[in-house]
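**Student:** A single structure is presented below for examination.
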């Protein structure tokens, strides 16, 4: 199946859409997991970490004076259950950014993704990212791709902090307003059925991705067009 549409801005999800969920939940989680405690302690004066600490205590139902060890135990539980926790994403994002900078980790993209992003960018389509992973981790993710620095292709980054939850239509309203575009001028690529529904409710165009081996393969995406590769999408500049 080939999906043909036009848009001014393409907004991409990462996990399961451009990149394998197993890589993020495996390699990157394994990198962050043993570093959480030391990162909390070494960056205790960082305002973002202080806020993340408070949020983690609230999300986990811990006492206000919870120890760093108790907080990290809760974060480990969030990781094991793949909870889309904002404080976890904030702390992981900082750890990953440092790992990318040091060359200790690199990102992953499906083979069909990068050539199409470059093609569409050249054709005049703007590209943005909306991921549950923090903006702090998104930028180095694109910068340290297997094909080199992709950040020149990406004009904006959104996460659950600066846009809102990915399963709520209001978040897509926020992104449209920030980009200065009408919803109909935007297209969202995602593999999550609830994100498909939320973006559609906000008036966006949506393409659902059902990739073999990914968590939402074969899911019910309603009336959204469904593909398994960027190669199945013909996207032109509106």
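In the working numbering, the protein residues as written are 15 to 252.
Ideal Cβ positions, reconstructed from N, Cα and C, are used throughout, including at glycine.
Owing to the predicted nature of the structure, the values given are computational and were not obtained by experimental measurement.
With residue 169 as the anchor, note down where its beta strand (DSSP E) starts and where it stops.
**Tutor:** Here residue 169 refers to the residue found at position 155 of the chain shown. 168-172 is the span of the beta strand (DSSP E), which, as asked, contains residue 169.
**Student:** Taking only heavy atoms of the ligand FMN into account, decide whether any of them is closer than 7 Å to the Cβ of residue 195.
**Tutor:** No copy of the ligand FMN occurs in the structure displayed, which carries no ligand at all.
**Student:** Answer with buried or exposed for residue 248, where buried requires no fewer than 16 other C-beta atoms within 10 angstroms of its C-beta.
**Tutor:** Start at 1 with the first residue of the chain shown, and residue 248 comes out as number 234. Sixteen is the threshold: since fewer than 16 other Cβ atoms of the shown chains lie within 10 Å of the Cβ of residue 248, the residue is exposed.
**Student:** Can you give the Cα-Cα distance for residue 16 and residue 140, rounded to whole angstroms?
**Tutor:** Your numbering for residue 16 matches position 2 in the chain shown. Your numbering for residue 140 matches position 126 in the chain shown. The alpha-carbon separation between residue 16 and residue 140 amounts to approximately 21 Å.
**Student:** Nearest to residue 83 by CA position, among 60, 55, 44, 102, is which residue?
**Tutor:** Within the chain shown, numbered from 1, the residue matching residue 83 stands at position 69. Ranking the options by Cα distance to residue 83, first place goes to 55.
**Student:** Tell me, which residues are paired with residue 142 by DSSP?
**Tutor:** Mapped onto the chain shown, residue 142 falls at position 128. DSSP output for residue 142 lists 25, 170 as bridge partner(s).
**Student:** When DSSP labels each residue in this structure, what does residue 219 get in the three-state scheme?
**Tutor:** On the chain shown, residue 219 is found 205 positions in, with the first residue counted as 1. Strand, per DSSP.
**Student:** Suppose the cutoff is 7 Å on Cβ atoms and the five residues either side in sequence are ignored; what does the same chain contact list for residue 39 look like?
**Tutor:** Here residue 39 is taken as the residue at index 25 of the chain shown, counted from 1. The answer, listed in chain order, is 96.
**Student:** Could you tell me if residue 108 is buried or exposed, where buried requires 16 or more neighbouring beta carbons within 10 angstroms of its beta carbon?
**Tutor:** On the chain shown, residue 108 is found 94 positions in, with the first residue counted as 1. Per the 10 Å Cβ criterion, buried.
**Student:** With a threshold of 8 Å between beta carbons, is residue 202 in contact with chain B?
**Tutor:** Of the protein chains in this structure there is only one, and it is not chain B.
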